[in-house]
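This report concerns only the one structure given below.
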Amino acid sequence: MTTQFYDRLSNDLTQLLESGVNCDISIEVGVEEVNIYKVHSIILRSRSPYFKKKFDEITFNENHVKVLKLPNISVKVFSVIIKYIYSGKISLEKLENLIIFDLLIASNELKLDELVEHLQSHLVNNNASWLRLKFAQIYLKSYQIKNFKIIRDFCDDIIAKYPNVIFESENFHSLPEDILISILKRDDLQLEEVKIWEYVIEWGKAKNPTLPTNFNEWTSTNFVTLKETLKGCLPHIRYFSISGEDVAEKIYPYQQLLEHQLFSDINIKFIAPTKPISSIMLPPRKILNTTLPTRNTSIPLSSDIITNEHALEISSWIDREENPYIENNPYEFKLLVRGSRDGFDVKTIYNICDKISKTIIILKVEGTGEILGGYNPLEWENNNSQLKKTKDSFVFSLKTANMKNSILSRAIGRHYSIIGFPGDLVLQFGSALGLIGNLKTQKRCYCMKSSEYPKPIRSSEFISPVSILPSKNSLFSVKEYEVFKISPRK
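Structural data, given as structure tokens:
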């Protein structure tokens with residue numbers, strides 16, 4: 001039986017690093033904050049192929065010391081790495097997730113494979129919510145660095161289950177072709193094939209901004225250009241899984257992108273399903289029988305207007321996160337008021353929400369189906385008029401079937417962000433969103449240009465210019481409304 005004394009060995013080598021005795025290498029780390037580490041080449045050579053190669057390339061200076069500069073690695077990250085190299089130990093508990101990810105990138109650069117695998121497993125097993133929050137950034141990096149297989153598999157699984165995370169992201173059009181192709185190859189991508197086709201066309205058009213915006217103006221040359229751009233993507237569409245109606249509506253206008261035989265075979269399959277064809281028929285994707293929750297939360301959302309995905313997006317706005325949460329909502333949405341249950345009069349909101357802070361008001365607009373709303377971090381007051389300033393309130397319109405992306409407009413805190421006149425049945429988020437009287441029967445709600453909430457949350461035809469009274473075209477009534485109390489999840 002072999003007895004191992006690794007702890008003693010680890011401590012002795014750590015003391016050797018701290019002593020600085022017999023060091024023959026000087027490593028300069030960082031740019032703005034620069035630190036110099038005096039180390040032993042024989043130890044770093046034995047632990048890292050990167051250092052072995054670099055030390056062979058560097059010559060000794062007049063003090064018989066080799067100097068290596070690593071400006072792209074921060075002092076905080078390298079301090080962890082050098083202790084690991086000498087001691088074989090690492091502690092991640094007190095490190096921020098971003099530092100851990102930077103540590104992973106640096107470890108890969110320095111060819112510390114054992115550490116690369118450990119850090120990936122740590123992030124996936126212990127910090128999955130952060131990976132989802134920074135999904136686009138993490139996903140692209142995982143494909144740029146081949147050793148990030150654990151994180152790449154984690155991201156691929158999310159994309160398969162929640163494809164809108166990438167297809168509806170702001171970064172979709174800049175997605176590299178090889179990454180898009182890897183997504184299209186997945187048999188378990190939980191998305192209708194015709195939607196995949198539409199996203200691929202959208203991606204191809206974005207790569208060719210000179211293509212006519214008016215499709216009726218397209219020439220054969222335009223189709224050739226788009227076909228060349230999509231030549232690596234088109235073979236991975238499951239054309240024979242698309243319905244005849246969708247082929248006629250979505251595929252037919254772009255038939256010039258497809259080889260003549262393929263388009264002919266697609267049509268033959270609808271006319272004579274049993275007739276043999278020469279084109280390759282990719283198998284249908286393995287769509288789960290049970291509907292996957294869209295960006296699921298474990299607490300049911302009691303709403304007739306918004307989805308869990310909407311709630312996650314609102315929560316990310318409250319936390320001022322750059323990217324929407326994907327799952328594990330940190331907040332509970334407690335329903336306080338619903339128009340169809342409690343009444344549509346603004347007075348109802350004041351009565352029920354009196355002295356309650358951190359509330360979200362959600363409106364479903366009659367006629368257009370728009371979902372508008374506002375977040376008030378302050379208390380509503382039933383018996384007092386209020387003119388209050390805050391930088392933490394915001395108004396918004398949410399993504400729907402007719403609206404591709406949500407719009408967020410934050411208060412700047414310079415003017416009155418929250419305005420309440422209970423006696424006059426008036427409730428306002430500056431002048432950006434106003435609720436007046438009976439929300440269902442009176443058609444007095446409005447959106448107006450606002451210096452407090454600079455970004456309009458409706459299209460220009462429904463936004464009133466700055467004035468004393470809103471314009472007629474900006475007035476609307478609501479089909480339904482809800483008010484939620486937002487609380488941290490217990």
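With UniProt numbering, letter number 293 in the sequence shown gets 293, and the count goes up by one each step, no holes. Even for Gly, the Cβ is constructed at its ideal location relative to N, Cα and C.
Give the single residue among Val-365, Ser-79, Ser-357, Asn-35 whose Cα lies nearest to the Cα of Asn-402. Val-365
How about Ile-58 and Lys-66: do their beta carbons lie closer than 8 Å? yes
How would you call Ala-248, buried or exposed, if buried means at least 16 neighbouring beta carbons within 10 angstroms? exposed
Straight-line gap, His-260 to Lys-231 (C-alpha atoms, nearest Å): 14 Å
Terminal residues of the continuous beta strand (DSSP E) containing Gln-256? For Gln-256, there is no enclosing beta strand (DSSP E), as DSSP marks it with neither H nor E.
Evaluate Arg-341 with the Cβ neighbour count: other Cβ atoms within 10 Å of its Cβ, from every protein chain shown; 16 or more gives buried, anything less gives exposed. exposed
Segment limits, alpha helix (DSSP H) that includes Phe-51: Segment 49-57, the alpha helix (DSSP H) holding Phe-51.
When you compare the CB positions of Ile-82 and Tyr-37, do they come within less than 8 Å of one another, or not? yes
By Cβ distance, which residues of its chain are closer than 6 Å to Ala-136, with the 5 residues on each side in sequence left out? Ser-169, Asn-171
Please report the distance separating the alpha-carbon of Gln-144 from that of Ser-107. 15 Å
Using C-beta distances below 6 Å, list every residue in its chain close to Ile-361, excluding the 5 sequence neighbours before and after it, in chain order. Gly-373, Gly-374, Val-483
Once the 5 residues before and after Leu-475 are set aside, which same chain residues still bring their CB inside 8 Å of it? Lys-443, Arg-444, Cys-445, Tyr-446
Pro-488 - partner residues in DSSP beta bridges: Tyr-331
In chain order, what residues of the same chain lie with their CB nearer than 8 Å to the CB of Lys-347, ignoring the 5 residues before and after it? Pro-422, Leu-425
What's the call for His-310, buried or exposed, on a 16-neighbour Cβ count within 10 Å? His-310 comes out buried.
Touching by the beta-carbon criterion (3+ pairs, under 8 Å), the segment 385-395 and the segment 406-414: yes
Mind checking which residues open and close the alpha helix (DSSP H) that includes Phe-167? For Phe-167, the enclosing alpha helix (DSSP H) has its first and last residue at 164-167.
Classify Tyr-481 as helix, strand or coil using the three-state DSSP reduction. strand
Backbone secondary structure at Cys-447 - three-state DSSP: DSSP places Cys-447 in coil when its eight states are reduced to three.
Report, in whole angstroms, the separation of the C-beta atoms of Leu-184 and His-236, which I expect to be a contact under 8 Å. Their Cβ separation, rounded to whole angstroms, is 4 Å, which keeps Leu-184 and His-236 in contact under 8 Å.
Since Lys-250 and Trp-197 are thought to touch, with beta carbons under 8 Å apart, how far apart are those beta carbons, to the nearest angstrom? Correct: roughly 6 Å between the Cβ atoms.
Using the beta-carbon count (16 or more within 10 Å), is Gly-367 buried or exposed? It counts as exposed.
Near Leu-191, what residues of its chain come up, given a Cβ to Cβ distance below 7 Å and the 5 sequence neighbours on each side ignored? Pro-163
Chain-order list of residues whose beta-carbon lies under 8 Å from that of Ile-349 (same chain, five-residue window excluded): Val-337, Ile-361, Trp-380, Leu-427, Leu-435, Val-483
Report yes if the CB atom of Lys-449 is closer than 8 Å to the CB atom of Ile-463, and no otherwise. yes
Does the distance from the C-beta atom of Ser-48 to that of Leu-9 stay below 8 Å? no
Can you give the Cα-Cα distance for Ser-79 and Val-116, rounded to whole angstroms? One alpha carbon belongs to Ser-79, the other to Val-116, and they sit about 16 Å apart.
Between the alpha carbons of Ser-178 and Cys-233, how many angstroms are there, rounded? Inspection of the sequence shows that residue 178 is occupied by Asp rather than by Ser. Taking the straight line from one Cα to the other gives about 9 Å.
Does the distance from the C-beta atom of Lys-485 to that of Phe-344 stay below 8 Å? no
Would Asn-208 and Thr-219 qualify as a contact pair, given that the criterion is a beta-carbon distance under 8 Å? no
Within the segment 405-472, note down every full beta strand (DSSP E) run reaching 3 residues or more, in order along the chain. 407-410, 418-421, 426-429, 433-436
Measuring CA to CA, which of Lys-69, Asp-113, Ser-241, Leu-123 is closest to Glu-93? Leu-123
Using the C-alpha atoms, what's the distance from Asn-222 back to Thr-210? 9 Å
Which residues bound the beta strand (DSSP E) around Gln-386? 386-388
Strand pairing of Phe-396, partner residues [DSSP]: Gly-373, Leu-408
Could you check what DSSP says for Lys-69 in three-state terms: helix, strand or coil? strand
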